[in-house]
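Quick notes on the structure that follows.
Protein chains: 2
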Amino acid sequence: MKTTNFADRLTSLIKQRKSCAVVGLDPHWSPIPESIKKSAIKQHGKTPVACAAVIRTFCTELIDAVCAHVPVVKPQSAFFEQFGPAGVEALYAVMEHARSKGLLVLLDVKRGDIGSTAQGYANAYLGESEIDGEKFEPFPADAVTVNPYLGSDSVLPFVETAAGHGKGVFVLVKTSNPSSAEIQDLVVENETVYMKVAQKLDAIARDHIGESGYSLLGAVAGGTFAQAGEKIRRCIPNCYILVPGYGAQGAGAADLKPFFNEDGLGAIINSSRAISFAYAGKPYAEKFGEAKWQAASEAAIIAMNEEIAAQTPFLNRKTDR
Amino acid sequence: MKTTNFADRLTSLIKQRKSCAVVGLDPHWSPIPESIKKSAIKQHGKTPVACAAVIRTFCTELIDAVCAHVPVVKPQSAFFEQFGPAGVEALYAVMEHARSKGLLVLLDVKRGDIGSTAQGYANAYLGESEIDGEKFEPFPADAVTVNPYLGSDSVLPFVETAAGHGKGVFVLVKTSNPSSAEIQDLVVENETVYMKVAQKLDAIARDHIGESGYSLLGAVAGGTFAQAGEKIRRCIPNCYILVPGYGAQGAGAADLKPFFNEDGLGAIINSSRAISFAYAGKPYAEKFGEAKWQAASEAAIIAMNEEIAAQTPFLNRKTDR
Chain A
235 MKTTNFADRL TSLIKQRKSC AVVGLDPHWS PIPESIKKSA IKQHGKTPVA CAAVIRTFCT
295 ELIDAVCAHV PVVKPQSAFF EQFGPAGVEA LYAVMEHARS KGLLVLLDVK RGDIGSTAQG
355 YANAYLGESE IDGEKFEPFP ADAVTVNPYL GSDSVLPFVE TAAGHGKGVF VLVKTSNPSS
415 AEIQDLVVEN ETVYMKVAQK LDAIARDHIG ESGYSLLGAV AGGTFAQAGE KIRRCIPNCY
475 ILVPGYGAQG AGAADLKPFF NEDGLGAIIN SSRAISFAYA GKPYAEKFGE AKWQAASEAA
535 IIAMNEEIAA QTPFLNRKTD R
Chain B
235 MKTTNFADRL TSLIKQRKSC AVVGLDPHWS PIPESIKKSA IKQHGKTPVA CAAVIRTFCT
295 ELIDAVCAHV PVVKPQSAFF EQFGPAGVEA LYAVMEHARS KGLLVLLDVK RGDIGSTAQG
355 YANAYLGESE IDGEKFEPFP ADAVTVNPYL GSDSVLPFVE TAAGHGKGVF VLVKTSNPSS
415 AEIQDLVVEN ETVYMKVAQK LDAIARDHIG ESGYSLLGAV AGGTFAQAGE KIRRCIPNCY
475 ILVPGYGAQG AGAADLKPFF NEDGLGAIIN SSRAISFAYA GKPYAEKFGE AKWQAASEAA
535 IIAMNEEIAA QTPFLNRKTD R
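Below is the structure:
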């Protein structure tokens, strides 16, 4: 299993669960149900350890609520790091729990550095570390996000380490935020910077294609920019595209079509707040409310799967493909 | 103290110690002295905790050896993250130790993300987190490095949080590695991408200038590219430039001149391996060797200070300015 190409592992889970949705684990503090906070403070006081316990409990229960319906969860490292070392321990525990539930863990760390430092990050999240012949996996991730600003010698250590361990890499190409245009949309010889990045990716990705026809090297392209998505899709036919921006950030199911290949695969669609805090908004607030927040999240991910399936018949959960 | 502009804190320490050197804490595993490893394995077995103990001990002793001679240390987060949560705990302890020795801690994390996620990272490294009114500092850093690929809405949360807490931010402009050219040197309207980034920085930096005339917002520009350094220097007169690449990466003292302002300030020069593992190379191997590795590091940082002072009379340790 370990040396199966990551794209093959991902493709097989997508087909099995008939879902290309990714649930983002972004444990924003304020909407986490009060009952979880009270119990953590009671046990640990008003401490960083209590903060860590809160986000760990919340993410663990969220995973339990959605794990039957999706192939991948995407913990956002910042929300854990902001509680210090205790938060990072919670991240580890959440990742381990996700794996135990049969999910792939795409850790959103957006790391990027050079040479031996990039290798350090690759060891941390895609490889292994070693002491006197004894090896261990520092964090139980199956894939990470990587920032390309430092060039290909910052990306290759991740790709090579991933290749040796059945892991995946998603490189930021065009991000979903408004000021992504400042660098990514600059035009160089009639081509945007993000397309230059996509072209580099394509070349590297082709060396790491699995039986599914997809590469362990993927891209990140925001669902809020459908036109960019279409260009990127054509440029990197063998890459999975991780598409953030669906739901809370404003992209709808119809905006997603350009990110898929004709085979109905090639995109995984992330939603964070709209799933994790579904209980707090329409249409779930009335039916579920805070007390049944897990059921609201489950209903929201089922609805999301159906919305996306309507765009990509391959994922249609009503037929038996 | 906390609300003093970071650039003022830095400038005052540079003047006091007559040094603009930064000691990089990049605890590469293999050259760490065997005695440290043996003792950690004896105490903790061949475990991630033992790995963490090794790098913690090494960095702590390194800090003790160099703290009288420099204003800043720069832990490289990847080398800690690669040992999992235990490694991150070691990072925290090392940072705390550096602070207790009167050093500024510039944490090299190269984070970059959008909106609330960028704010999460800013909280983690420059601000604070809170539980039920009780505030705490997640990691004891004084400044961090930030990646600009996602645009200014990924940088501003760091800058604003830094401003409120007397902290600093160093944005990657032109990195020291060979393939930094792939994106950073692309030419847009007769200007490189890295100069576009520098121009954006300049505008933001001007809103955060302290009494020293310098801004809490700085830049990273590799010492291996002196010509780029000169252009960047002129573009961002109020920014400190963190210059990596000195020593092991190939830049010499003479290459550094363009990174300084005429006032002899404005640059901080990082050296990692050439200081931390000075014992293993010329000219220190014979005199000190592994048993006296700390003394070798101290000798190396004193020599580095003198080399740089020859380029910037302001730092001349032989006069009494």
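Taken in order, these protein sequences are the chains called A and B. Per the numbering used here, the very first residue in the first sequence carries number 235; after that it's consecutive. Per the numbering used here, the very first residue in the second sequence carries number 235; after that it's consecutive. Ideal placement from N, C-alpha and C gives every residue a C-beta, glycine not left out. Because the structure is a prediction, the values reported are computed rather than measured.
Item: Reduced DSSP secondary structure (H/G/I, E/B, other) of glutamine 425(A); Value: The sequence as given places glutamate at residue 425(A); glutamine does not occur at that position. Residue state, collapsed to three classes: strand.
Item: Inter-residue spacing [alpha-carbon to alpha-carbon] between serine 506(B) and threonine 351(B); Value: 30 Å
Item: Straight-line Cα distance separating lysine 465(A) from alanine 453(A); Value: 13 Å
Item: Helix, strand or coil at isoleucine 297(B) according to DSSP, with G and I counted as helix; Value: helix
Item: Under 9 Å by beta carbon: chain B residues contacting proline 382(A); Value: Tyr383, Glu416, Ile417
Item: Reduced DSSP category for isoleucine 266(A) - H, G, I as helix; E, B as strand; rest coil; Value: coil
Item: In DSSP terms, what leucine 340(B) is bridged to; Value: Ala377(B)
Item: Residue from Pro391(A), Phe240(A), Phe493(A) whose Cα sits closest to the Cα of asparagine 504(A); Value: Phe493(A)
Item: Chain A residues whose Cβ lies nearer than 8 Å to that of phenylalanine 370(B); Value: Thr281, Pro282, Gly318
Item: Residues of its chain near tyrosine 359(B), where Cβ-Cβ distance is below 7 Å and the 5 sequence neighbours each way are ignored; Value: Leu341, Val343, Phe373, Ala375, Val378
Item: Simplified DSSP state of serine 388(B), which is helix, strand or coil; Value: helix
Item: Neighbouring residues, chain B, relative to tyrosine 480(A) (Cβ below 9 Å); Value: The contacting residues do not exist; tyrosine 480(A) stays about 15 Å from chain B at best.
Item: Spatial neighbours of threonine 237(A) in its chain, beta-carbon cut-off 6 Å, leaving aside the 5 residues before and after; Value: Gly400
Item: Opening and closing residue of the beta strand (DSSP E) in which glycine 258(A) lies; Value: 255-259
Item: Same chain, Cβ closer than 6 Å to asparagine 239(B), neighbours up to 5 away in sequence not counted; Value: Gly444, Leu450
Item: Rounded Cβ spacing between glutamate 315(B) and valine 307(B) (contact assumed at less than 8 Å); Value: Incorrect: roughly 17 Å between the Cβ atoms, too far for contact.
Item: Chain A contacts made by the region 502-532 of chain B, where a contact means CB separation under 7 Å; Value: none
Item: Between the CA atoms of asparagine 411(B) and aspartate 497(A) - distance to the nearest angstrom; Value: 39 Å
Item: Length-filtered (3 minimum) beta strand (DSSP E) runs lying within the region 484-554 of chain B; Value: 501-505
Item: Same chain, Cβ closer than 7 Å to arginine 243(B), neighbours up to 5 away in sequence not counted; Value: Leu338, Gly400
Item: Nearest to leucine 384(B) (by Cα), restricted to the options Gln353(A), Lys369(A), Ala274(A), Val427(A); Value: Val427(A)
Item: Residue-level contact to chain B via CB, threonine 546(A), 8 Å cutoff; Value: no
Item: Valine 256(A), buried or exposed, once every other Cβ within 10 Å from all chains shown has been counted against 16; Value: buried
Item: Cutoff 8 Å: glycine 321(A) Cβ touching any chain B Cβ; Value: yes
Item: For glutamate 330(A), the first and last residue of its enclosing alpha helix (DSSP H); Value: 318-334
Item: Residues of its chain near arginine 333(B), where Cβ-Cβ distance is below 7 Å and the 5 sequence neighbours each way are ignored; Value: Val339, Pro374
Item: C-beta neighbour in chain B for cysteine 473(A), strict 8 Å; Value: no
Item: Where valine 421(A) falls, given that 16 or more other Cβ within 10 Å makes a residue buried; Value: exposed
Item: Residues of the region 386-411 of chain A with Cβ closer than 8 Å to any Cβ of chain B, in chain order; Value: Ser386, Asp387, Ser388, Leu406, Thr409, Ser410, Asn411
Item: Chain-ordered residues of the region 420-431 of chain A with a beta carbon less than 8 Å from chain B; Value: Leu420, Val421, Val422, Val427, Lys430, Val431
Item: Span of the alpha helix (DSSP H) around leucine 244(A); Value: 240-251
Item: CA-to-CA distance, aspartate 387(A) to tyrosine 355(A), given in whole angstroms; Value: 13 Å
Item: Nearest-angstrom Cα separation, counted from alanine 462(A) out to isoleucine 475(A); Value: 12 Å
Item: Three or more C-beta pairs below 8 Å linking the region 273-286 of chain A and the region 516-529 of chain A; Value: no
Item: Outcome for tyrosine 472(A) when other beta-carbon atoms lying within 10 angstroms are tallied against a minimum of 16; Value: Reading the sequence as shown, one finds asparagine at residue 472(A) and not tyrosine. It is buried - the Cβ of asparagine 472(A) has at least 16 other Cβ atoms within 10 Å.
Item: Beta carbon of serine 253(A) nearer than 8 Å to that of histidine 331(A); Value: no
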